[in-house]
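*Asks:* Under my numbering, think of the first position of the sequence shown as 7, with each following residue one higher.
Beta carbons are placed, not taken as given, at the ideal position from N, Cα and C, and that holds for glycine.
Computed from a predicted structure; not experimentally measured.
I have a structure I would like to understand better, so I am pasting it below and will then ask my questions one at a time.
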Amino acid sequence: MDDGADTVDTIDWGPFGRPLFDDAAAKGLSRVGVIDVGSNSVRLVVFDGAARSPAYFYNEKIMCALGAGLTKTGRLNPEGRVRAIAAIRRFAALAKGMDIPPLTAVATAAVREASDGADFRDEVLRETGIKLWIIDGKEEARLSAQGVLLGWPGSYGLVCDIGGSSMELADLAEGRVGRRVTSALGPLKLREIKGGKKAVKAYVRETMAQLHDEMGNSTGMRLFLVGGSWRAIARVDMERRSYPLTVLHEYRMTSRQISKTAEYIRKSDLQELRSRCNISDSRMSLVPLASIVLKELMRTFKPKDVAVSSYGIREGMLYEQMPRELRERDPLVEACRFVEAKDARLPGFGRVLYDFVKPLFPRANWQRKRIIKAACLLHDVSWRAHPDYRAEVTFDNATRANLGGLKHYERVFLGLALMNRYTSKTANSRFDALFDLLDAGQIKEAEILGKAMRLGAMLWLTSDEEPGTLRWKPKSRELTLRLHEQTRPLFGEVAQSRFNALASAMDATGEVIFTK
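Laid out in structure tokens, this is it:
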């Protein structure tokens, strides 16, 4: 590991590159605090961001509804203003107690549009010592899109960020933010339109058509949904579908599902639905209007698929502070490396284990290779858990951890592989419903990966010394394990049993050869 000294790194890190989280530039991100003053809520997030994938050291939201009544009065909601100042005062005290660098604070639609927005900014500085930056709609769109890039490096598509008083769109292409537009399609604004639902729908349709013209050729792209109202709709969609993994980040919806969920919301008792979905009352009150906007968004832009992003403007502010080399890294692999360095018994062995198991997956594309790499890095980080529950703990951690760059089925694949690392009994578990997100081939591949890691974990020597090699001949179904002679004392009855289990899972004949 390069610690800044004049040393030469002789380790071949392979296609994933040398870890960066200990570099000076990355260490500067070990505590980053941001405040987002929105039209509906005020939030403090403190990131432990050095691992490239955002770890939420602290996260607190206070619903203030600063933008309520703005269309009618032109001013910030007086009650919300008092609540917002109190929230920011609290956040400033928390940041001081955490000994983090100065907070970065931004305000969006409500504050920039209100006639007393500048006065509110000045009051925040006087009362709390925090400088509040009032950003325009295009800058808000840019930061939100950068938040998406934090989770999906190199991604392309259309980012739609909805807040209380505004909705922004931004193009992504080759990992860069392109065209950006803003609108007044936030639900706090929409509920002040006179004329009932018919008038709201007409206004939304007209405004969406204008946005489509401004954005140019943005039809048929992947759509990334950012913002609390979109996440609330996604959570309702999960409830309607009885979807087994209630992780909102990377949740996918189709146009048909969104249409069904909008109708489901229209017909439901909102209080009862709010309780079942664990959505706040203030957020749920905005969902019916937001669902009208989403249906029109889908009708106008006709996206090829839809992904929910839990990363938005706050994560975009973290991305803004990252060095370029760190931005370009895979957030999943970097986060897993960080966890391995912190929690594994033999940090660094995950890279050796990856080299050990990868001959078993000769047809794996780059997307599958990164999941295999992640599994190897995480294979030993839960060793402190009780032996009877390690398998469950590893599955829970993989499927519910705050990791970027993971589709839902990839979360389950990763969890199932780690589960097989610790047990040969995965059937009839409390996770069976989640396994339905995988097909039979993926389940078998996760089993093989888990059993290979289970074998390799018995053969460790040092964090940079290979225990031996696996050779796999798919056509003849032959699996060979070649071990260095110095590894012989490690290859006892249990290791032999684990090798046999791996060969059986692969429907292969197995042979062990010791070499000098």
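Within this structure, are the beta carbons of Thr306 and Met227 separated by less than 8 angstroms?
*Replies:* Here residue 306 corresponds to residue number 300 of the sequence shown, with the count starting at 1. Here residue 227 corresponds to residue number 221 of the sequence shown, with the count starting at 1. No, Cβ-Cβ distance for Thr306 and Met227 is not below 8 angstroms.
*Asks:* Quick check on His255: buried or exposed, where buried means 16 or more other Cβ atoms within 10 Å of its Cβ?
*Replies:* As a position in the sequence shown, residue 255 is number 249, starting the count at 1. That one is buried.
*Asks:* Answer yes or no: do Val242 and Leu295 have a C-beta to C-beta separation smaller than 8 angstroms?
*Replies:* Working through the sequence shown from its first residue, we reach residue 242 at position 236. Working through the sequence shown from its first residue, we reach residue 295 at position 289. No; because the gap between Cβ atoms is not below 8 angstroms, this pair is not in contact.
*Asks:* Identify every residue that forms a DSSP beta bridge with Phe520.
*Replies:* Residue 520 sits at position 514 when you count from the first residue of the sequence shown. DSSP, once it has assigned bridges, lists Leu489 as partnering Phe520.
*Asks:* What separation, rounded to the nearest whole angstrom, lies between the Cα atoms of Lys200 and Arg406?
*Replies:* Counting from one through the sequence shown, the residue named residue 200 turns up at place 194. Counting from one through the sequence shown, the residue named residue 406 turns up at place 400. About 43 angstroms.
*Asks:* Identify whether Ala176 lies in helix, strand or coil by the three-state DSSP scheme.
*Replies:* Numbered from its first residue, the sequence shown carries residue 176 at position 170. The answer is strand: DSSP assigns Ala176 an E or B state.
*Asks:* Can you name, in chain order, every residue of its own chain whose Cβ lies under 6 angstroms from the Cβ of Asp349, other than the five neighbours on each side?
*Replies:* If you number the sequence shown from 1, residue 349 lands on position 343. So the qualifying residues of the chain are Val387.
*Asks:* Could you pull the DSSP bridge partners for Trp478 from this structure?
*Replies:* Working through the sequence shown from its first residue, we reach residue 478 at position 472. Leu485, per the DSSP bridge assignment.
*Asks:* Leaving aside the five residues before and after Leu338 along the sequence, list all residues of the same chain whose C-beta is less than 7 angstroms from its C-beta, in chain order.
*Replies:* Stepping through the sequence shown from its first residue, residue 338 is reached at position 332. Ser59, Arg376, Ala380, Leu409, Gly410, Gly411, Leu412, listed in sequence order.
*Asks:* In whole angstroms, what separates the C-alpha of Ala501 from that of Arg427?
*Replies:* Translated into positions along the sequence shown, residue 501 becomes position 495. Translated into positions along the sequence shown, residue 427 becomes position 421. Distance between the alpha carbons of Ala501 and Arg427 is about 13 angstroms.
*Asks:* From Gly318 to Arg436, what distance separates their C-alpha atoms?
*Replies:* Here residue 318 corresponds to residue number 312 of the sequence shown, with the count starting at 1. Here residue 436 corresponds to residue number 430 of the sequence shown, with the count starting at 1. Straight-line Cα distance between these residues: approximately 33 angstroms.
*Asks:* Helix, strand or coil for Trp466? Go by DSSP, reduced to three states.
*Replies:* Looking up residue 466 in the sequence shown gives position 460. Coil.
*Asks:* With distances taken from CA atoms, which of Leu455, Met464, Pro495, Phe520 is nearest Ser510?
*Replies:* Locating residue 510 in the sequence shown gives position 504, counting from the first residue. The shortest C-alpha separation from Ser510 is found at Leu455.
*Asks:* Suppose only complete runs of 4+ residues qualify. What are the alpha helix (DSSP H) ranges in the region 141-226, listed by chain order?
*Replies:* Qualifying alpha helix (DSSP H) stretches, in chain order: 143-157, 193-196, 202-221.
*Asks:* Excluding the five sequence neighbours on either side, which residues of its own chain have a C-beta within less than 7 angstroms of the C-beta of Glu145, listed in chain order?
*Replies:* Here the question's residue 145 lines up with position 139 in the sequence shown. For Glu145, where only same-chain residues beyond five positions count, there are no Cβ hits under 7 angstroms.
*Asks:* Applying the criterion that 16 or more other CB atoms from any shown protein chain within 10 Å of the CB defines a buried residue, is Lys457 buried or exposed?
*Replies:* If you number the sequence shown from 1, residue 457 lands on position 451. With 16 or more other Cβ atoms within 10 Å, it is buried.
*Asks:* Can you list, in chain order, the residues of its chain whose CB lies under 8 angstroms from that of Tyr415, leaving out five sequence neighbours each side?
*Replies:* Counting from one through the sequence shown, the residue named residue 415 turns up at place 409. Taken in chain order, the residues that qualify are Leu443, Leu444, Gln448.
*Asks:* Give a yes or no on whether the C-beta atoms belonging to Leu178 and Arg186 are separated by under 8 angstroms.
*Replies:* As a working mapping, residue 178 is identified with position 172 in the sequence shown. As a working mapping, residue 186 is identified with position 180 in the sequence shown. Not closer than 8 angstroms, so no.
*Asks:* Can you tell me where the alpha helix (DSSP H) holding Thr400 begins and where it ends?
*Replies:* The sequence position of residue 400 within the sequence shown is 394, counting from 1. From DSSP, the alpha helix (DSSP H) with Thr400 extends over 396-406.
*Asks:* Rounded to the nearest angstrom, what separates Gly73 and Ser315 at their Cα positions?
*Replies:* The residue labelled residue 73 in the question sits at position 67 within the sequence shown. The residue labelled residue 315 in the question sits at position 309 within the sequence shown. Computed Cα separation, rounded: 24 angstroms.
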